[in-house]
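Just below is one structure, and these are the notes that go with it.
There are 2 protein chains.
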Amino acid sequence: MARPRTFNESEVLERAVALFRSRGFERASMPELTAHLGICRQSLYNAFGDKRGLYLAALDRYGAREIDTKLSQLSTAPSPLQGVQTLVASWADYGAQCPSEGCLTITAIVDSTDDEEARQIVEGHVDRLEKGIRTALKKAQSAGELTPTAQPTRLARSLVTTCYGVGVLAKLPGSTQRVKAAVAEALDRLNSFQP
Amino acid sequence: MARPRTFNESEVLERAVALFRSRGFERASMPELTAHLGICRQSLYNAFGDKRGLYLAALDRYGAREIDTKLSQLSTAPSPLQGVQTLVASWADYGAQCPSEGCLTITAIVDSTDDEEARQIVEGHVDRLEKGIRTALKKAQSAGELTPTAQPTRLARSLVTTCYGVGVLAKLPGSTQRVKAAVAEALDRLNSFQP
DNA sequence: TCTGTTTCAGAACGCACGTTCTAGATCGAC
DNA sequence: GTCGATCTAGAACGTGCGTTCTGAAACAGA
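Which chain is which? The protein sequence lines are G and Z, in order.
Numbering-wise (UniProt numbering), the first sequence opens with residue 1 and increments by one.
Numbering-wise (UniProt numbering), the second sequence opens with residue 1 and increments by one.
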């Protein structure tokens, strides 16, 4: 009876993510969105309610995928500490990224301060990243990769802060060296707790 | 012949800074601006050209004042190292700030990616902060407050990144502990280079 | 084939925006 | 007092926005 959806909602969402990343929520207009998403206005409204609904869905999709990617570096590493090292080192890649591919989470933090729902979505992603790092650091400590004097919780919190600092400054073309330095310092700090 | 300006342009600019901080560039509408600035539309256009002109002026004013404040902590301290320590420690205050008082520099970095002029303004401020810290660290090293193994340039770059990471996460209500941890870690890292 | 939903293209809606214009009041300089 | 620029208040401009509506085409299930 009912005709199933013909367009791929997941692909549409990914394209929305891309546009929101490069244009932001306000500047990404509905005409632009429909053009890049490959579906007409009406289908978009049927699927996501309105522009903000699409944005929240894109925000959640982006954050989940981003954090998944980061955390997978922890689980696939030979050891917990090496996992964190790999993860932190990978942040240096942000320095070489195209400015139009900035972190959507950071964008949302900055200009969705008055959108409680958006805030909760991004806060969830940040928390998840921090938790993943903290867990890995605790494992590393238990495994003897870190000295007992290391403070996994504090370290994890600090590393997350560095991560988002890198995410912001990477948007400034002249910050390549800053990003590299921040990553190098974070790694040195981490390694200073090795026995 | 000519009648001098009656309103205080400096005060107007400060009020513009406050509104742009809490609302962002796009959301701060002209009616809102004229209401909060205490001058009428026409005067605003005469003085600043247009909305973007006012924004750039506010951005520059904010950044200059912000960096001035930070750097003054370096110059008034008993020693170069204590100056940096005081400066870094003060970033923890961001954690307790009202969300509507976020860093305008960060806002500009995030949603003025395609405004070359705005980008240059904020890049100048970031550079100035980094340079101030680097100079202080070099002085500290020369004075024997830091070991010869410390790398002032790299440290300064890393600290600036931490500063802006703190600035972003401070906008998330649940980040008080993260901000504190980042500051504490940065201080520990700094102090680890003391002879 | 029929039926009912989805998709499409595009027109149309109301609204808020940044900006410009008009006209009168204000006030320092001459 | 006169001149000329500045400030005020408010109407009005055009534009682009998000959204809704219209009607026809596409297409899966009965």
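Ideal Cβ placement from N, Cα and C applies to all residues, glycine included.
Residue-level contact to chain Z via CB, residue i, 8 Å cutoff
i               : result
serine 192/G    : yes
glycine 174/G   : yes
glycine 24/G    : yes
aspartate 60/G  : no
serine 158/G    : yes
isoleucine 39/G : no
valine 110/G    : yes
arginine 52/G   : no
leucine 146/G   : no
arginine 21/G   : no
valine 12/G     : no
threonine 161/G : yes
threonine 149/G : no
threonine 34/G  : no
methionine 1/G  : Model confidence at methionine 1/G stands at a pLDDT of 49, short of 50, so the residue's coordinates are unreliable and nothing is read from them.
threonine 69/G  : no
alanine 18/G    : no
glutamine 141/G : no
Residue-chain proximity (residue i, chain G), Cβ-Cβ < 8 Å
i                : result
threonine 135/Z  : no
glutamate 9/Z    : no
valine 88/Z      : no
leucine 56/Z     : no
glutamate 66/Z   : no
isoleucine 121/Z : no
leucine 155/Z    : yes
valine 126/Z     : yes
threonine 113/Z  : yes
arginine 189/Z   : yes
threonine 6/Z    : no
threonine 76/Z   : no
proline 195/Z    : no
For residue i, the first and last residue of its enclosing alpha helix (DSSP H)
i               : result
glycine 167/G   : 152-169
glycine 174/G   : Neither: glycine 174/G is in no alpha helix (DSSP H) and is coded neither H nor E.
arginine 65/Z   : 51-75
aspartate 127/G : 116-142
alanine 89/G    : 80-90
serine 43/Z     : 41-48
alanine 28/G    : No alpha helix (DSSP H) holds alanine 28/G; DSSP gives it neither H nor E.
aspartate 93/Z  : Premise fails: aspartate 93/Z is in no alpha helix (DSSP H) and is neither H nor E.
leucine 104/G   : 104-111
Any non-hydrogen atom of the ligand SAM within 7 Å of residue i CB
i            : result
proline 78/G : You won't find the ligand SAM in this model; it holds no ligand whatsoever.
Reference residue i, options the options, closest by Cα
i                 : options                                   : result
threonine 107/G   : Ala170/G, Pro78/G and Glu32/G             : Ala170/G
leucine 56/G      : Gln42/G, Gly38/G, Val122/G and Lys70/G    : Val122/G
arginine 134/Z    : Arg189/Z, Gly102/Z, Leu81/Z and Ser175/Z  : Leu81/Z
tyrosine 94/G     : Ser192/G, Gln177/G and Phe7/G             : Gln177/G
arginine 128/G    : Ala64/G, Lys51/G, Ala182/G and Ala35/G    : Ala64/G
glutamate 32/Z    : Arg5/Z, Glu117/Z and Lys51/Z              : Lys51/Z
proline 152/Z     : Gly174/Z, Arg61/Z and Val84/Z             : Val84/Z
threonine 162/Z   : Tyr45/Z, Glu14/Z, Ser90/Z and Gly38/Z     : Ser90/Z
valine 168/G      : Ile109/Z, Leu172/Z and Val183/Z           : Ile109/Z
arginine 5/Z      : Glu14/Z, Leu19/Z, Ser43/Z and Gly38/Z     : Ser43/Z
leucine 59/Z      : Phe20/Z, Ser29/Z and Asp68/Z              : Phe20/Z
glycine 132/G     : Ala181/G, Gly38/G and Leu87/G             : Leu87/G
alanine 143/Z     : Phe193/Z, Glu117/Z, Leu172/Z and Ser175/Z : Phe193/Z
residue 197/G     : Ala118/G, Thr76/G, Ile67/G and Ser175/G   : Since the first and last residues shown for chain G are 1 and 195, residue 197/G lies out of range.
leucine 13/Z      : Leu146/Z, Tyr62/Z and Asn46/Z             : Tyr62/Z
leucine 71/Z      : Arg189/Z, Thr113/Z and His125/Z           : His125/Z
phenylalanine 7/G : Asn46/G, Ser29/G, Ala28/G and Phe25/G     : Asn46/G
glycine 165/G     : Val183/G, Lys139/G and Leu74/G            : Val183/G
threonine 105/G   : Thr105/Z, Leu104/Z and Asp111/Z           : Asp111/Z
serine 75/G       : Leu137/G, Glu26/G and Gly102/G            : Leu137/G
| request: Using a Cβ-Cβ cut-off of less than 9 Å, list which residues of the stretch 163-187 of chain Z approach chain G; keep chain order. | output: Cys163, Tyr164, Gly165, Val166, Gly167, Val168, Leu169, Lys171, Leu172, Pro173, Gly174, Ser175, Gln177, Arg178, Val179, Lys180, Ala181, Ala182, Val183, Ala184, Glu185 and Ala186
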